[in-house]
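Each remark here refers to the structure printed beneath this line.
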Amino acid sequence: MTAGTEISIRSARTYDVPHMVALMEPLVQRRILLGKDLVDLYAAVPEFLVAVDREDAVVGYGAVHVMWEQLGEVRTLGVSDAVLGTGVGHRLLTALEERARELGLQQLFCLTFEVEFFTKHGFAAVGEDDELVAAEVYAELLRSSDEGVAEFLDLARVKPNTLGNTRMLKRL
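71 is the number of the first residue of the sequence shown in the numbering used here; add one for each residue after it.
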């Protein structure tokens, strides 16, 4: 399969969730993606875009989550093995970045094993000592119960979930 005109990107719908889960499961099993509860996926449907083929079958997915005024996170980005390497991931990430700009975001964070992919798209690895946000914003973010925010802040409580992942940031 090629990534030409046969693939389109659209906003996710609730009926896409089971199809997204089916595509996520092998990545969760290989520990490339963290598993998510169905209730969380349904709640996050407005954040997701999906890549679909001519029959409207989901072949990729990704979300942008607002973390703070100008900061968002690319979450749960993945594609079917059938379209791996055809540009579908690139198209999804580009669409997520456009959505982030529309939301007023100026920075995107991701936590990933796919460092090469994100580097090709302008993301750069951040170290533990890098100051990513101002001290007053950091203090506010500490109040969040969102695991993605904890991963962004590199809090000790999420370290078991993030081992081997790279924290990356892109300025839009």
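Backbone N, C-alpha and C fix where the C-beta goes; we use that ideal spot for every residue, glycine too.
Among 137, 170, 122, 138, nearest to residue 148 - alpha-carbon criterion | Numbered from 1 along the sequence shown, position 78 holds the residue referred to as residue 148. The shortest C-alpha separation from residue 148 is found at 122.
Helix, strand or coil: how does DSSP classify residue 159 here?
Here the question's residue 159 lines up with position 89 in the sequence shown. It is helical.
Practice item. Tell me, to the nearest whole angstrom, how far the beta carbon of residue 152 is from that of residue 120; I am working on the premise that it is less than 8 Å. Key: In the sequence shown, counting from the first residue as 1, residue 152 sits at position 82. In the sequence shown, counting from the first residue as 1, residue 120 sits at position 50. Not a contact, Cβ separation roughly 15 Å.
- Message: Rounding to the nearest angstrom, what Cα-Cα distance links residue 183 and residue 102 in this structure?
- Response: Counting from 1 along the sequence shown, the entry for residue 183 is found at position 113. Counting from 1 along the sequence shown, the entry for residue 102 is found at position 32. Roughly 7 Å separates the two Cα atoms.
- Task: Return the first residue and the last residue of the beta strand (DSSP E) that residue 176 is part of.
- Result: Position 106 of the sequence shown, counted from the start, is the residue given in the question as residue 176. Looking at the DSSP string, residue 176 is not in any beta strand (DSSP E), and its letter there is neither H nor E.
* Could you tell me the distance, in whole angstroms, from the CA atom of residue 116 to the CA atom of residue 104? => Stepping through the sequence shown from its first residue, residue 116 is reached at position 46. Stepping through the sequence shown from its first residue, residue 104 is reached at position 34. Distance between the alpha carbons of residue 116 and residue 104 is about 19 Å.
- Item | Extent of the continuous alpha helix (DSSP H) run through residue 143 | Reading the sequence shown from its first residue, position 73 is the one you call residue 143. Note, residue 143: premise wrong, no alpha helix (DSSP H); beta strand (DSSP E) at 141 to 149.
Review point. So which of 219, 242, 160 has the shortest CA-CA distance to residue 79?
Key: Here the question's residue 79 lines up with position 9 in the sequence shown. Residue 160 is the option with its Cα nearest to residue 79.
Span separating the alpha-carbon of residue 177 from that of residue 193:
Taking the first residue of the sequence shown as position 1, residue 177 is located at position 107. Taking the first residue of the sequence shown as position 1, residue 193 is located at position 123. Rounded to the nearest angstrom, the two C-alpha atoms are 10 Å apart.
Of the residues 180, 186, 241, the one placed nearest residue 221, counting alpha carbons only
As a first step, residue 221 must be located in the sequence shown, where it is residue number 151. Ranking 180, 186, 241 by Cα distance to residue 221 puts 180 first.
Check: Which residue or residues does DSSP assign as beta-bridge partners of residue 236?
Finding: Taking the first residue of the sequence shown as 1, we reach residue 236 at position 166. Beta-bridge pairing links residue 236 to 182.
ask   = For residue 111 versus residue 129, is the C-beta distance shorter than 7 Å?
value = For this step, residue 111 is matched to residue 41 along the sequence shown. For this step, residue 129 is matched to residue 59 along the sequence shown. Taking 7 Å as the Cβ cut-off, residue 111 and residue 129 do not qualify as a contacting pair.
- So residue 236 and residue 170 are in contact, right, with Cβ under 8 Å, and what is the actual spacing, rounded? Position 166 of the sequence shown, counted from the first residue, corresponds to residue 236. Position 100 of the sequence shown, counted from the first residue, corresponds to residue 170. Going by Cβ atoms, the distance from residue 236 to residue 170 rounds to 20 Å, so no, they are not a contact pair.
request  = Tell me whether the beta-carbon of residue 218 lies closer than 7 Å to the beta-carbon of residue 175.
outcome  = Looking up residue 218 in the sequence shown gives position 148. Looking up residue 175 in the sequence shown gives position 105. No, Cβ-Cβ distance for residue 218 and residue 175 is not below 7 Å.
Buried/exposed call for residue 85, threshold 16 Cβ in 10 Å | For the purposes of this step, residue 85 is taken as residue 15 along the sequence shown, with counting starting at 1. Exposed, by the Cβ-count rule.
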